[in-house]
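Participant:
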Amino acid sequence: MADLTLKALSKSYGETKVLHGIDLDVADGEFIVFVGPSGCGKSTTLRMIAGLEEVSGGEISIDGRVVNHLEPKDRDIAMVFQNYAIYPHMSVKKNIAFGLRSSNMSKPDKEARIAEVAGILDMTDLLERKPSQLSGGQRQRVAIGRAMVRDPAVFLFDEPLSNLDAQLRTQMRLEIKKLHQRVGNTIIFVTHDQVEAMTMADRIVIMKDGHIQQIGTPDEVYHRPDTTFVGQFIGAPSMNMLAAELTDGVLKIEGGTEIKLAHEATGKVLLGVRPDDLRAGAEPVLIEGQVMLREPLGPDTLIYLETPAGEVIARASGRHPPQLGDVVSLGADEDCLHLFDATSGVRLP
Amino acid sequence: MAMADTIRPTAAAVLETRGPARPRNMGQIIRWLILFAGGVLMVMPIAYMISTSLKWPHEVYDVNLIPKEPTLENYTYVLEDGRFYLWFLNSIIIATITTASNLLFDSLVGYTLCKFRFPGRMIVFIAILSTLMIPTEMLVIPWYLMSQSFGWLDSYWGIMFPGLMTAFGTFLMKQFFESVPDDFIEAARIDGLNELQIWWTVAMPLVKPALAALAIFVFLGNWTAFLWPLIVTNSVEMYTIPVGLSGFGDEADVAWELIMTGAAISTIPTLVIFLIFQRFIIRGVVMAGLKG
Ligand SMILES: Nc1ncnc2c1ncn2[C@@H]1O[C@H](COP(=O)(O)OP(=O)(O)OP(=O)(O)O)[C@@H](O)[C@H]1O
Ligand SMILES: [Mg+2]
Chain L
1 MADLTLKALS
11 KSYGETKVLH
21 GIDLDVADGE
31 FIVFVGPSGC
41 GKSTTLRMIA
51 GLEEVSGGEI
61 SIDGRVVNHL
71 EPKDRDIAMV
81 FQNYAIYPHM
91 SVKKNIAFGL
101 RSSNMSKPDK
111 EARIAEVAGI
121 LDMTDLLERK
131 PSQLSGGQRQ
141 RVAIGRAMVR
151 DPAVFLFDEP
161 LSNLDAQLRT
171 QMRLEIKKLH
181 QRVGNTIIFV
191 THDQVEAMTM
201 ADRIVIMKDG
211 HIQQIGTPDE
221 VYHRPDTTFV
231 GQFIGAPSMN
241 MLAAELTDGV
251 LKIEGGTEIK
261 LAHEATGKVL
271 LGVRPDDLRA
281 GAEPVLIEGQ
291 VMLREPLGPD
301 TLIYLETPAG
311 EVIARASGRH
321 PPQLGDVVSL
331 GADEDCLHLF
341 DATSGVRLP
Chain E
1 MAMADTIRPT
11 AAAVLETRGP
21 ARPRNMGQII
31 RWLILFAGGV
41 LMVMPIAYMI
51 STSLKWPHEV
61 YDVNLIPKEP
71 TLENYTYVLE
81 DGRFYLWFLN
91 SIIIATITTA
101 SNLLFDSLVG
111 YTLCKFRFPG
121 RMIVFIAILS
131 TLMIPTEMLV
141 IPWYLMSQSF
151 GWLDSYWGIM
161 FPGLMTAFGT
171 FLMKQFFESV
181 PDDFIEAARI
191 DGLNELQIWW
201 TVAMPLVKPA
211 LAALAIFVFL
221 GNWTAFLWPL
231 IVTNSVEMYT
241 IPVGLSGFGD
251 EADVAWELIM
261 TGAAISTIPT
271 LVIFLIFQRF
281 IIRGVVMAGL
291 KG
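The listed protein sequences derive, respectively, from chains L and E.
Mapped onto my numbering, the consecutive letters of the first sequence carry residue numbers 1 to 349.
Mapped onto my numbering, the consecutive letters of the second sequence carry residue numbers 1 to 292.
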């Protein structure tokens, strides 16, 4: 177990720069999730930590030791791949034992360790099977077993659940989290699914175009997004963004109302409100709109409204939702209003 | 178990109760005819080989498939002629070593070309491929001159060296290694294997079907090779089977019945090789069905 530090880590492929200086401190035993849209550089970062990609600039240290020039096997890490990467020609047991090949444990110790890992992952009965005789979830467990067996300082997961169906995903998500609580190793987990990120992480690292947008606990990134990108990326449906102007503590929403806000900044801003917080009849009223579409979710109904400021999504009661065509005034609690700079998209303090 | 079977008919049983198969349609009949013609075409030369080997010399030029007076005399003659065993042994040694060498080196080079990025990779690959376009007939002269200056004439090494690695095998292996996911290789790297170990323990088992196919090709190719062994060997003791057999008879008359007898005997090892390796091909197809 160990902490992990990335210092100004960057990566270029020839002329194209894909990572622009990543700084991150991961504490011992922390569960970190990298999340971001496709192509933002999550896998690249992970693969550099693993030693599968060369570092173009900056520093990676594990447990206080700079590992930039160490071979993957010398970094004390283990990785679980999206496609499991378990060998079809070896039994489950051999696959798991593969992780111990380079260790200098004695044979009985190895056997004991394999049995222990199989026990933790609930696969003792499957040890003699070939991967072709396993389900997707079981194969993923084998892959995790192979990573676990060495008890590495840091576990790296690259979208390990994306090949599983929705139900199995939820289940494996829980299993990985439980496993983390049990073994306590540091985990870096890459996903582009914000639900996975929210549910599993101690801290989430949100990336975009090779930059870190925000690092924070699930609560922080949800309730205090640093940028409009984070606000819209985390949470579904996405945060509403309304153009507005702030002058002398009065926020004038384009196509909407004026409200008083204790805020010093002036100028053009973006007002972010989550659909969850935007409710019919709540005070202060921000904007009015006509219901164009309803999505019943059971307890709630999502309503899509046409407003002078464009489409806005809000949440209404599941039992008595507004009718199609109704004109509704939408309001939100003042705590739930997020102000961002209109040009840079950065949160106003 | 048996009880359950009697109570609930299996799916197969249900199908059977539907009565005899429906009459085949025209398309199927045509398909069968084509397959039958193809089968006859393939079997004919072999049938003739065996038939000729059972004929007396005077009957060889008759086209009848069933010999009028079948005889095993030719087999006795060939097997009692000590030279045949020598040629057989030569062929076995040469084909086996060449096959092993191809499996090893073609797959090493193929793997390197497939999984490593290095400057000049494409040039090397194209250079190897381009040798495929030169016919053997054009190569035998440089090979001969080379063998002569190195003193390899009339030796096993002289017969074998041009075929120890083949462009075709390298290309085949490279293409098959494409099907080994990079994840497997990277996972092994993280697990601490060096590149040679990865090639041997991870990549090679996954391309067994290709190795089996290559083994069959190379073995058969060398077993039946004629032109180069004929040119490079001088002494009867160094002949391979095809070269040796071609010498049966005298200037006036080729002893076809003896050649066919030798050929019939020499197909046996090829059958054995095929039976050994096709098992891997079938198993490989089964394994390829496993995705992810
Ligand atoms: N070998 C390469 N050569 C050039 N560019 C590359 C290479 N590998 C990755 N990239 C680029 O680097 C960027 C980051 O890629 P990366 O695989 O890290 O994205 P990701 O965040 O993991 O995306 P995804 O969610 O789709 O897996 C992408 O724009 C990609 O095109
Ligand atoms: Mg990725």
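Just so it is clear, CB atoms sit at the ideal spot from N, CA and C, and this is done for glycine as well.
1) For HIS89 (chain L), which three-state DSSP category applies?
2) PRO209 (chain E) CB to nearest chain L CB: under 8 Å?
3) Throw me the rounded Cβ distance for the LEU121 (chain L) and ILE144 (chain L) pair, which I believe falls under 8 Å.
4) Assuming GLY255 (chain L) and PRO308 (chain L) form a contact by the criterion Cβ under 8 Å, report the distance between their Cβ atoms to the nearest whole angstrom.
5) Please say whether GLY325 (chain L) and VAL291 (chain L) have beta carbons closer to each other than 8 Å?
6) Report the residues of the segment 80 to 98 of chain L with a CB closer than 7 Å to any CB of chain E, ordered along the chain.
7) Between the Cα of GLN278 (chain E) and those of E:VAL232, E:ALA210, E:TRP152, E:ASN234, spot the shortest distance and give me the residue it belongs to.
8) Which partner residues of ASP25 (chain L) appear in the DSSP bridge assignment?
9) What distance in whole Å lies between the Cβ atoms of LEU227 (chain E) and THR136 (chain E), which are believed to be in contact at a cut-off of 8 Å?
10) Using only Cβ atoms and a threshold of 7 Å, which residues come within that distance of a heavy atom of ligand 2? Order them by chain position.
11) Got a sec: does ligand 1 put a non-hydrogen atom nearer than 7 Å to the Cβ of CYS40 (chain L)?
12) Report the neighbours of GLY192 (chain E) on chain L: residues whose CB is nearer than 7 Å to its CB, in chain order.
13) How many angstroms separate the CA atom of ALA332 (chain L) from the CA atom of CYS40 (chain L)?
14) Can you find a C-beta in chain E that's less than 8 Å from the C-beta of GLU111 (chain L)?
15) Using only CA atoms, which one of L:GLN171, L:VAL117, L:LYS130 lies nearest to ALA147 (chain L)?
16) Under three-state DSSP, which class holds GLY210 (chain L)?
17) Just the C-alpha distance for ASP335 (chain L) and LEU278 (chain L), rounded to the nearest angstrom, thanks.
18) What residue does the beta strand (DSSP E) around ARG79 (chain L) start on, and which one ends it?
19) Ordered along the chain, which non-local residues of its own chain (more than five positions away) have a Cβ less than 7 Å from that of GLY36 (chain L)?
20) Compare the C-beta of ASP154 (chain E) against all C-beta atoms of chain L and say whether one is closer than 8 Å.
21) Taking 7 Å as the line, does the beta carbon of VAL80 (chain L) fall inside it for any heavy atom of ligand 1?
22) Would you say the beta carbon of THR16 (chain L) is closer than 7 Å to some non-hydrogen atom of ligand 1?
23) VAL250 (chain L) and GLU288 (chain L): beta carbons closer than 8 Å?
24) In chain L, which residues lie with their C-beta within 9 Å of the C-beta of PRO57 (chain E)?
25) If I follow the unbroken beta strand (DSSP E) through PRO296 (chain L), where does it start and stop?
26) In three-state terms, what does DSSP make of LEU214 (chain E)?
27) Does the distance between the C-beta of HIS180 (chain L) and the nearest non-hydrogen atom of ligand 1 fall short of 7 Å?
28) Please state if the CB of ASP158 (chain L) and the CB of PHE81 (chain L) are separated by a distance shorter than 8 Å.
29) When you compare the segment 180 to 187 of chain L with the segment 101 to 112 of chain L, are there three or more beta-carbon pairs, one atom per stretch, that lie closer than 8 Å?
30) Run the proximity test for HIS20 (chain L): is its beta-carbon closer than 7 Å to any non-hydrogen atom belonging to ligand 1?
31) Is TYR84 (chain L) near ligand 1, in the sense that its beta carbon is under 7 Å from a heavy atom of that ligand?
32) Using a Cβ cut-off of 9 Å, pull out every chain B residue sitting near GLU186 (chain E), in sequence order please.
33) May I ask you to report which of helix, strand or coil DSSP gives ASN240 (chain L)?
34) What would DSSP say about LEU302 (chain L), mapped onto helix, strand or coil?
35) Does the beta-carbon of ASN25 (chain E) have 16 or more other beta-carbons within 10 angstroms, so that it is buried, or is it exposed?
36) For VAL272 (chain E) versus ILE159 (chain E), is the C-beta distance shorter than 8 Å?
Facilitator: Based on what the coordinates show:
1) coil
2) no
3) 6 Å
4) 3 Å
5) yes
6) PHE81, ASN83, TYR84, ALA85, TYR87, PRO88, HIS89, PHE98
7) E:ALA210
8) L:THR5
9) 6 Å
10) L:LYS42, L:SER43, L:ASP158, L:GLU159, L:VAL190
11) yes
12) LYS73, ARG101, SER102
13) 33 Å
14) no
15) L:VAL117
16) coil
17) 12 Å
18) The sequence shown places Met at residue 79 (chain L), not Arg. Note, MET79 (chain L): beta strand (DSSP E), 77 to 80.
19) LYS42, HIS192, ILE206, MET207, LYS208
20) no
21) no
22) yes
23) no
24) Result: empty, since nearest Cβ-Cβ is about 54 Å, beyond 9 Å.
25) 285 to 296
26) helix
27) no
28) yes
29) no
30) no
31) no
32) Considering every chain present, this structure includes no chain B. Its protein chains are L and E.
33) strand
34) strand
35) exposed
36) no
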